[in-house]
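Input: a single structure, listed below in structure tokens.
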Amino acid sequence: MTKDRIAQADGGLAGGLRRAALPLFLAAVGARIVWILAGRHNFNFVDLRVYYEAARRVSEGGLYDFALRDYTPDQPLPFTYPPFAGLFFFPLRFLPFPVVAVGWVALTAGLLFLVIRMCLAILAAGRGAPSRLGDVPRELPLLWTAGALWIDPVRTNLDYGQINVVLMTFGVWAAYLVARNAPGPVLALRPGTVDGASGLLIGIAAGIKLTPAVGGLFLLARGRVWAAVFSGVTFGATVGISYLLLPSETRRYFTVLLGDTGPIGDPAKPDNQALRGAVSRFVGHDVGTGVAWLVAVAVAAALLFAAWWVVRRGDALIALVLVQLLGLLGSPISWIHHFVWVVPLLIWVVHGPLGRAGGEGFTSPGAAYTRWSTVLAVALAAMYYLGVHFTDDLLKLAGLHDGVVRAVLLAEGVLAALGLVALILAQRGRLRAVL
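For the sequence shown, this note's numbering gives the first residue as 6, with consecutive numbering after it.
In structure tokens, the structure reads:
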């Protein structure tokens, strides 16, 4: 399929929608800024303020000795990322905070658009279509971005000024490079340019926030052993650079602070969408990292592996999504704003082989289309537009302050993963016929 045919097929969006795509995107970004200004967070960007202070502390000292209290007096916010993140944020110190805040909204929206466009390009590569970014007409990712800015994980990133969309960009970019090099999984016995580049991206992201290191499993799942090695080497380099520039802070972080979830917050509160939070709410107390948590992680890993086994010969996007879900659910703490990966998940459900718009030009049904993909997409969109905090408020109004029903309905991350796994396993016959 040529680029012209992609553009022609994209005309199925309807001319009016295509013309409205950019205005809708700009209106959504503007509305988000107004919402933050008028909302309960009042343009606080509390996490971005922590990054901003960390940038100052890199040169002045005390990177791990401060806790922001001005906007969250009941829960002081320390800097909890590796010292390399402080170096990453260092340029922020040269700009006034209002400029940083507005720029962060624009950056987040722009990177979300890029992520969505790369996701669509990965899917195109998976079915042998042209897969350069320019081969994906901008109107579809613009419309997706305008809608995605309002789902709970993304809007909380914007409210708090979080970095998760930036980190997701590194991961999807690595997957895009891998998919462009080989549409399916290939055991690469010799290192190539794509291995160095994709490994570099994963390693830098891991150096900033550790958890993106799970992307190494994605590289292994696609047969990119050298890329996984390069990601580890790159991460090691971030630690080495940190030690050279911030020796005492680096020693302190990796020998004392690493693994201490105390400063982060209560693992059992609804914001924690990891398995530890879900299981803790189910039993009524924090289960920690004991037997109950280990069993839950083992079951989740088995289900996600089973789903991956069905689609292992398919596109790179679903492999990436399944790996990221494993990382999010298996981590002791995964706040709702960490679940920005629900955006690539939704794109695969809608535009993948099972999706209503998974065929040529992303407008016709996918090769293994099933109506259940539409049901799942609508259910997930409704759940994440409503959001965990509003859901919690509604449950409390209904008198459900605890119990099984509340625990299940607040486990949105678990429900999203179960829905995706159930769809893949239930449609494994269709998928195997086309992959």
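Quick reminder that beta carbons are idealized off the backbone N, C-alpha and C, glycines included.
Please report how far the alpha carbon of Ile11 lies from the alpha carbon of Gly366, in whole angstroms. Here residue 11 corresponds to residue number 6 of the sequence shown, with the count starting at 1. Here residue 366 corresponds to residue number 361 of the sequence shown, with the count starting at 1. Since pLDDT at Ile11 reaches only 48, below the 50 mark, its modelled position is unreliable, and no value is offered.
Proximity below 8 angstroms, CB of Gly208 to CB of Gly245: Reading the sequence shown from its first residue, position 203 is the one you call residue 208. Reading the sequence shown from its first residue, position 240 is the one you call residue 245. The answer is no: Cβ separation not under 8 angstroms.
Start-to-end residues for the alpha helix (DSSP H) that takes in Lys274: On the sequence shown, residue 274 is found 269 positions in, with the first residue counted as 1. Run containing Lys274: none; DSSP gives neither H nor E here.
Beta-carbon gap between Ala226 and Ala324 smaller than 8 angstroms: Position 221 of the sequence shown, counted from the start, is the residue given in the question as residue 226. Position 319 of the sequence shown, counted from the start, is the residue given in the question as residue 324. Yes, these two residues count as a Cβ contact at 8 angstroms.
Contacts around Val141, its chain only, beta-carbon distance under 6 angstroms, and the 5 residues preceding and following it disregarded: Counting from 1 along the sequence shown, the entry for residue 141 is found at position 136. For Val141, where only same-chain residues beyond five positions count, the Cβ hits under 6 angstroms are Arg122, Leu125 and Ala126.
Between which two residues does the alpha helix (DSSP H) holding Tyr389 run? The residue you call residue 389 lines up with position 384 of the sequence shown. Segment Arg376 to Leu391, the alpha helix (DSSP H) holding Tyr389.
Specify, as a first and last residue, the run of the alpha helix (DSSP H) that Arg257 falls within. On the sequence shown, residue 257 is found 252 positions in, with the first residue counted as 1. Here the alpha helix (DSSP H) through Arg257 covers Pro252 to Arg257.
Measure from the C-beta of Ser253 to each C-beta in chain C and report whether the shortest distance is under 8 angstroms. The displayed structure is made up of one protein chain only, and chain C is not part of it.
Are there three or more Cβ pairs, one per stretch, closer than 8 angstroms when the region 338 to 357 is compared with the region 303 to 311? no
By DSSP, does Ala12 sit in helix, in strand, or in coil? Stepping through the sequence shown from its first residue, residue 12 is reached at position 7. Note that Ala12 scores 46 on pLDDT, short of 50, meaning its location in the model is unreliable and no value can be drawn from it.
DSSP three-state call for Pro337: helix, strand or coil? On the sequence shown, position 332 is the one that residue 337 refers to. Looking at Pro337 - three-state DSSP - the assignment turns out to be coil, as it is neither helix nor strand.
On the DSSP letters alone, give me the boundaries of the alpha helix (DSSP H) that Ala184 sits inside. Along the sequence shown, read from residue 1 onward, the residue named residue 184 stands at position 179. That run of the alpha helix (DSSP H) goes Asn169 to Asn186.
Just checking my contact of Leu436 with Pro358 at CB under 8 angstroms: how many whole Å lie between their CB atoms? Start at 1 with the first residue of the sequence shown, and residue 436 comes out as number 431. Start at 1 with the first residue of the sequence shown, and residue 358 comes out as number 353. Going by Cβ atoms, the distance from Leu436 to Pro358 rounds to 6 angstroms, so yes, they are a contact pair.
Please determine if the region 82 to 96 and the region 240 to 256 are in contact, where contact requires at least 3 C-beta pairs separated by less than 8 angstroms. yes
Three-state secondary structure (DSSP) at Ala202? Against the sequence shown, residue 202 aligns to sequence position 197. Ala202 falls in the helix class under three-state DSSP.
Just to confirm the assignment: which complete beta strand (DSSP E) runs, minimum length 3, are found wholly within the region 95 to 142? none
Just to confirm the assignment, what range does the alpha helix (DSSP H) spanning Arg437 have? Here the question's residue 437 lines up with position 432 in the sequence shown. Element bounds for Arg437: Arg433 to Val439.
Please determine if the region 108 to 118 and the region 170 to 179 are in contact, where contact requires at least 3 C-beta pairs separated by less than 8 angstroms. yes
State buried or exposed for Gly131, treating a residue as buried only when at least 16 other CB atoms are found within 10 Å of its CB. As a position in the sequence shown, residue 131 is number 126, starting the count at 1. When all chains shown are included, Gly131 counts as buried.
Nearest candidate by alpha-carbon position, reference Asp52, set Asp70, Val39 and Pro83: Looking up residue 52 in the sequence shown gives position 47. Of the candidates Asp70, Val39 and Pro83, the one whose C-alpha sits nearest the C-alpha of Asp52 is Pro83.
How many Å lie between Leu92 and Ala60 at the Cα? Reading the sequence shown from its first residue, position 87 is the one you call residue 92. Reading the sequence shown from its first residue, position 55 is the one you call residue 60. Between Leu92 and Ala60, the C-alpha separation is close to 7 angstroms.
So the alpha helix (DSSP H) Asp157 belongs to, where does it begin and stop? Here residue 157 is taken as the residue at index 152 of the sequence shown, counted from 1. Element bounds for Asp157: Asp157 to Tyr165.
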